[in-house]
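In this note's numbering, the protein residues as written are 29 to 583.
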Amino acid sequence: MRRFAEVADAVAAQSGKLEKVASIAAYLRTLDDADLSSAARFFTGNAFAARDQRSLKLGARTVAAVAQRVWGFSRDALSASYRETGDLGAAIGPLVTPSNDLALFAPDPLSPSSLALAFAAIAEATGKHAGKRREAILERVLRACGGPLEAKYVVKIVTGDLRIGLRDGLVHEAIAAAFDAPIQVIRRAVMATGDVGAVASAARDRTLDHLHVAYGTPIGMMLASPIPYGERYTELGASDWIVEDKYDGIRAQAHLDGERVRIFSRTFNDVTQSYPEIARALGGARTRMILDGEIVAWRDGRALPFRTLQARLQRKEIDASLLADVPLRYVVFDALAIDEEFLIDEALLDRRARLIDALVPNEHVTLAPFQRLEAGTSPGDVNARFEAARARGNEGLMLKRTDAPYAPGRRGKWWLKLKRELSTLDVVVVAVEWGHGKRAKVLSDYTFAVRDEAGTRRTIGKAYSGLTDAEIAALTPWFLAHQTGRRGRALAVEPTVVIEVAFDIVQRSELHESGYALRFPRIVRIRDDKPSSEIDTLARVDEIYAEMLAREGAS
Ligand code: AMP
29 MRRFAEVADA VAAQSGKLEK VASIAAYLRT LDDADLSSAA RFFTGNAFAA RDQRSLKLGA
89 RTVAAVAQRV WGFSRDALSA SYRETGDLGA AIGPLVTPSN DLALFAPDPL SPSSLALAFA
149 AIAEATGKHA GKRREAILER VLRACGGPLE AKYVVKIVTG DLRIGLRDGL VHEAIAAAFD
209 APIQVIRRAV MATGDVGAVA SAARDRTLDH LHVAYGTPIG MMLASPIPYG ERYTELGASD
269 WIVEDKYDGI RAQAHLDGER VRIFSRTFND VTQSYPEIAR ALGGARTRMI LDGEIVAWRD
329 GRALPFRTLQ ARLQRKEIDA SLLADVPLRY VVFDALAIDE EFLIDEALLD RRARLIDALV
389 PNEHVTLAPF QRLEAGTSPG DVNARFEAAR ARGNEGLMLK RTDAPYAPGR RGKWWLKLKR
449 ELSTLDVVVV AVEWGHGKRA KVLSDYTFAV RDEAGTRRTI GKAYSGLTDA EIAALTPWFL
509 AHQTGRRGRA LAVEPTVVIE VAFDIVQRSE LHESGYALRF PRIVRIRDDK PSSEIDTLAR
569 VDEIYAEMLA REGAS
């Protein structure tokens, strides 16, 4: 792993994509088969292939404890180093001291393939002492690290956090460059197989044509860019679009392989067990398919509000009464593969046509209806369709280009989402927390409050997004200078900084003192112009909540 670590470190220091790709390609070319597939996977920051359901089950705390045991540094030293770097591998690296082991007892040096074997052994540990066994193997791995650099990258792979400015796409380019294969073929093969390692080997052996669609391996989900509701829709340009409702549920990718059905969430978790009636309804389809769609709570021909679905998801036991109380429907809007054919490069309308032919709808599975949007459609027409979608109980509209390919994991201009925020509130920041990753050195997570009739501040939410890095950096010293104590993990601060937050939904919740929580809160701006005595009131939140219920027809 010494060479791997050196290459990774060089890549981290390089700023140009071409340079990064060239460095990795040159390294991959030198590896034999077992090292090649493992190293390619590791460069994507993963211990295993994407299609692999195994995981190391080693939390950051455990990794830190084992590393402490191996290299004998103090907890404080690690905390300080972590604050500096924001990731565990980079934090541990400088604390690593050369091994004192006599050469006689020195373990064999690690290679990508031997590390992969150790990972497999960690993942396979089961039973009562599994935790201890995982730690023991990790300890052996860390002891086998030849020095700080190797340790740094091994820990980064273990924690799944490589951070060398290397998107998966660049690893694909490096494989293409190393073995002189077309990049589109590599990309497609990675998506089809869910294993960048197998693709690297196949590229070298010139057997890329033999790879199959891997049913059961989740594929990155295509994402939409937001556009504002309004007077003009310049984003539509002169292209042809379809419109369909934006359902407010849970994104789900379903893999239908005869009786074997698996449903994956947006974070690639296998959530099949949570939706037994949908899995059943998809089972036994005559055609093998990979579908994309949204799971919504559904009754009497319309979607129910998200909170109905959420209530079901919070329950552990899925018994018959729950199935009856909260009926679900999988609204399918795309097909990524049918049988052995991968469809992602085809135009949306062609994929739709294939989908309509292949999928037989039933009580729990339907096709999302869509309409063509005539070129030059007026903004008024788009807005009318939006209002109609809302009246049907849905969140807004999706606009999709008729010629759009399916771009896994990408947020592009092929799909646009049109939502309207419910409202905004002016609130005051009462507590702050250190961020993570590149925000580890700034106070970036804000807990904020509204005021009740008596003027007492009542927390209502927490926001991480919306402000620029510069704004957060500027506020950090102010918060540090105006701390008033602790509030759980957060620092309580003087309630002075007023911010405006936008949100999509307000819900009843025990989580915050106000009795409400906001869904998707984001900071719109800092309200320097407003004193904290003038922030919005709990009564205003009551009003917004009542209006929302009335609109949903649920009050
Ligand atoms: P957002 O969660 O607001 O970023 O919006 C994107 C999400 O909208 C997707 O991840 C889907 O879960 C969801 N969605 C709802 N309806 C559709 C649809 N018709 N097409 C695509 N995505 C949809």
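For every residue, glycine included, the Cβ atom is placed at its ideal position computed from N, Cα and C.
For residue i: DSSP bridge partner residues
i	result
His283	Arg290 and Ile318
Arg399	Per the sequence shown, residue 399 should be read as Gln rather than Arg. For Gln399, which the question treats as bridged, DSSP gives the partners Val271.
Met426	Glu272 and Lys445
Asp298	Phe292
Leu251	Arg439
Asp454	Glu528
Trp326	Ala331
Ala478	Correcting the residue type first, residue 478 is Val in the shown sequence and not Ala. Partner(s): Arg486.
Asp473	Glu461
Thr565	Arg479
Arg550	Ala530
Gln535	Ala545
Glu369	Ile366
Asn411	Per DSSP, none; premise fails for Asn411.
Ile278	Ile323
Asn390	Val393
Pro256	Lys447
Ala491	Tyr474
Residue range of the unbroken beta strand (DSSP E) whose run includes residue i
i	result
Phe361	Leu356 to Ile366
Val393	Val393 to Leu395
Phe207	Taken as a continuous stretch (DSSP letters only), Phe207 belongs to no beta strand (DSSP E), being part of the alpha helix (DSSP H) at Asp196 to Phe207.
Lys160	Element bounds for Lys160: not the beta strand (DSSP E) but the alpha helix (DSSP H), Ala158 to Arg171.
Val182	First-last for Val182: Pro176 to Thr187, but that is the alpha helix (DSSP H), not the beta strand (DSSP E).
Ala520	Ala518 to Val521
Leu546	Tyr544 to Arg547
Gly513	Gln511 to Arg515
Arg467	Careful: Arg467 lies outside any beta strand (DSSP E) and carries neither H nor E.
7 angstroms Cβ shell around residue i - same chain, five flanking residues per side excluded
i	result
Val552	Thr452, Gly494, Glu528, Val529 and Ala530
Ile214	His200, Ile203, Ala204, Val227 and Ala231
Leu130	With a pLDDT of only 49 at Leu130, under the threshold of 50, the placement of this residue in the model should not be trusted, and no figure is reported.
Leu13	The requested residue 13 is not part of the displayed model; the chain covers only 29 to 583.
Glu259	Pro407
Ala468	Arg111, Gly114 and Trp462
Ile192	Ala36, Val39 and Ala40
His540	Thr487, Ile488 and Gly489
Phe71	Ile52, Leu194 and Val199
Ser542	Val478, Arg486, Thr487, Ile488, Leu566 and Val569
Arg82	Phe76 and Ala151
Rounded Cβ spacing between residue i and residue j (contact assumed at less than 8 angstroms)
i	j	result
Ala331	Asn422	6 angstroms
Glu322	Arg294	Glu322 to Arg294, Cβ: 10 angstroms. No contact.
Tyr492	Asp480	At roughly 25 angstroms, the Cβ-Cβ gap does not stay under 8 angstroms, so Tyr492 and Asp480 are not in contact.
Gly174	Arg31	Wrong, their Cβ atoms sit about 11 angstroms apart, outside the cutoff.
Tyr303	Ile291	6 angstroms
Thr90	Glu163	6 angstroms
Val478	Val455	6 angstroms
Val324	Leu310	About 15 angstroms; that fails the 8 angstroms criterion.
Gly73	Leu190	4 angstroms
Gly225	Ala417	Not a contact, Cβ separation roughly 43 angstroms.
Val241	Ala220	5 angstroms
Leu116	Ala151	Not quite, the Cβ-Cβ distance comes to about 19 angstroms (not below 8 angstroms), so this is no contact.
Val359	Tyr275	5 angstroms
Residues near residue i by beta carbon distance below 6 angstroms, same chain, minus five either side
i	result
Asp233	none
Arg400	Ile270
Tyr573	Val534
Leu251	Arg439
Gln42	Lys48
Residue i - containing alpha helix (DSSP H), residue span
i	result
Glu34	Arg30 to Ala41
Arg103	Arg103 to Thr113
Leu351	Ala348 to Asp353
Leu59	Unbroken run through Leu59: none, as it is neither H nor E.
Ser142	Pro140 to Glu152
Asp20	Summary: the structure shown does not reach residue 20, with the chain confined to residues 29 through 583, and so no result is reported for it.
Glu305	Pro304 to Leu310
Cut-off 8 angstroms between Cβ atoms - residues of its own chain near residue i, not counting five sequence neighbours on either side
i	result
Thr300	Val289, Arg290, Ile291 and Ala307
Trp443	Met250, Leu251, Ala252, Ser253, Met426, Leu427, Lys428, Arg429 and Ala432
Three CB pairs or more closer than 8 angstroms across the stretch 56-72 and the stretch 224-234: yes
Validate contact between the stretch 375-390 and the stretch 237-256 using beta carbons, cut 8 angstroms, 3 pairs: Flag = no, the stretch 375-390 and the stretch 237-256 do not touch.
Cβ pair count under 8 angstroms reaching 3, the stretch 78-96 against the stretch 41-52: no
Segment contact flag, the stretch 409-423 with the stretch 343-350, C-beta cutoff 8 angstroms, min 3 pairs: no
Three CB pairs or more closer than 8 angstroms across the stretch 363-371 and the stretch 557-567: No, the stretch 363-371 does not touch the stretch 557-567.
Stretch pair the stretch 151-158 + the stretch 95-108: three plus CB contacts closer than 8 angstroms: Verdict: no, contact absent.
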